[in-house]
Amino acid sequence: MRSLSILIIFSSFFLVPTHASDETEYQQRRARLVKEIQASVRDTESYIGKSSLNPLVMKVMGNLPRHEFVPASQKPFAYFNRPLAIGHGQTISQPYIVALMTDLLDVGPNDKVFELGTGSGYQAAMLSKLVKEVYTVEIVPELGRSAKKRFQQLGYQNIKSKVGDGYYGWKENAPYDAIIVTAASNQIPPPLLEQLKPGGNMVIPIGAPFTIQQLVLVKKDEQGKIHTQQMLPVRFVPIRRNH
Ligand code: SAH
Numbered sequence: 001m002r003s004l005s006i007l008i009i010f011s012s013f014f015l016v017p018t019h020a021s022d023e024t025e026y027q028q029r030r031a032r033l034v035k036e037i038q039a040s041v042r043d044t045e046s047y048i049g050k051s052s053l054n055p056l057v058m059k060v061m062g063n064l065p066r067h068e069f070v071p072a073s074q075k076p077f078a079y080f081n082r083p084l085a086i087g088h089g090q091t092i093s094q095p096y097i098v099a100l101m102t103d104l105l106d107v108g109p110n111d112k113v114f115e116l117g118t119g120s121g122y123q124a125a126m127l128s129k130l131v132k133e134v135y136t137v138e139i140v141p142e143l144g145r146s147a148k149k150r151f152q153q154l155g156y157q158n159i160k161s162k163v164g165d166g167y168y169g170w171k172e173n174a175p176y177d178a179i180i181v182t183a184a185s186n187q188i189p190p191p192l193l194e195q196l197k198p199g200g201n202m203v204i205p206i207g208a209p210f211t212i213q214q215l216v217l218v219k220k221d222e223q224g225k226i227h228t229q230q231m232l233p234v235r236f237v238p239i240r241r242n243h
């Protein structure tokens, strides 16, 4: 009997809401997720040097419909603080990492941001609520196309996306106030450094593919000098190149 009630509670927790109260249910799950992220931030304070993230970033995360960015089979897990498979061997990052990377970029409402690795489009959607324009590039055509459709359907008008090799950035719209790289690289792609404005920030996981990488905050100062700071160990899918 006891195991049965546990089973019922457990399975109802995993159910995907499908009725009028969906939005309330999702909102509650997001509020819980935000609390979990806040706890993770406190737990990792010794790495990241702060015990809380920008409240505006957390507010955006608390309203962003992550369930719209994952395949149907993953929807029950959309508000768990963990990465999820989005097909083609790729993943949508863990919400804590999305929140942290967004916080580190330190963007403002007039900024223009470049993202390498559109994936599901969730990170770009997050940024679009904080900046003026987001430019994002995805190398897997199917992912790039479905993210573009998603941006249109959900009304993210200030996101421009295309399929291509993000290693080269998106020169026509450069320079950028901030650049986010959501796939691991063994070095900072030189074209991206070039397309970063003086005074701008870049966040990028650096390290060999399929190992633990370091999340690195790169700052280009007003004189164009580069400063880097290792934040914490992370695990991202590797950058792919079209050869
Ligand atoms: N930001 C994404 C998660 C990214 S996963 C989200 O919010 O869902 C990393 C993505 O980077 C994958 O979709 C992968 O296909 C893409 N990628 C890898 N190498 C790339 C490259 N050279 N240019 C553009 N995208 C790349």
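Last residue of the sequence shown: 243 in my numbering, with the numbers rising by one and none dropped.
Each residue gets a CB set at the ideal place from its N, CA and C atoms; glycine is no exception.
Alpha-carbon spacing of residue i relative to residue j, whole angstroms
i: residue 178; j: residue 198; result: 10 Å
i: residue 95; j: residue 223; result: 34 Å
i: residue 76; j: residue 93; result: 16 Å
i: residue 225; j: residue 72; result: 45 Å
i: residue 162; j: residue 145; result: 8 Å
i: residue 251; j: residue 186; result: Residue numbering for the chain in the displayed model covers 1 to 243; residue 251 lies beyond these limits and cannot be assessed.
i: residue 240; j: residue 42; result: 33 Å
i: residue 1; j: residue 88; result: Annotation note: pLDDT 46 at residue 1 (below 50); position unreliable, coordinate value reported separately. If you take the alpha carbons of residue 1 and residue 88, they lie about 42 Å apart.
Test item: CB-CB of residue i and residue j under 8 Å
i: residue 143; j: residue 81; result: no
i: residue 154; j: residue 45; result: no
i: residue 98; j: residue 135; result: no
i: residue 62; j: residue 31; result: yes
i: residue 48; j: residue 231; result: yes
i: residue 57; j: residue 103; result: yes
i: residue 55; j: residue 26; result: no
i: residue 138; j: residue 117; result: yes
i: residue 238; j: residue 183; result: yes
i: residue 191; j: residue 167; result: yes
i: residue 205; j: residue 213; result: yes
Pick from the options that is closest to residue i, judged by C-alpha positions
i: residue 70; options: 90, 238, 210, 226; result: 90
i: residue 128; options: 183, 27, 152, 140; result: 152
i: residue 234; options: 242, 217, 225; result: 217
i: residue 84; options: 242, 240, 236; result: 236
i: residue 201; options: 241, 184, 21, 106; result: 106
i: residue 245; options: 158, 87, 150, 78; result: The structure shown has nothing for residue 245, since the chain only spans 1 to 243.
i: residue 221; options: 131, 21, 193; result: 193
i: residue 109; options: 119, 126, 100; result: 126
i: residue 101; options: 174, 180, 24; result: 180
Residue i beta carbon near ligand 2 (any heavy atom closer than 7 Å)
i: residue 240; result: With respect to ligand 2, the structure shown offers nothing to examine, as its ligands consist of ligand 1.
| field | Inside the stretch 123 to 185 only - beta strand (DSSP E) runs reaching at least 3 residues | value | If one requires a minimum length of 3 residues, the beta strand (DSSP E) runs lying completely within the stretch 123 to 185 are 133 to 138, 159 to 163, 176 to 181, in chain order.
| What are the start and end residues of each continuous alpha helix (DSSP H) run of 4 or more residues lying completely inside the stretch 13 to 87, in chain order? | For the stretch 13 to 87, the continuous alpha helix (DSSP H) assignments of 4+ residues that do not extend past its boundaries occur at 22 to 43, 45 to 48, 55 to 63, in sequence order.
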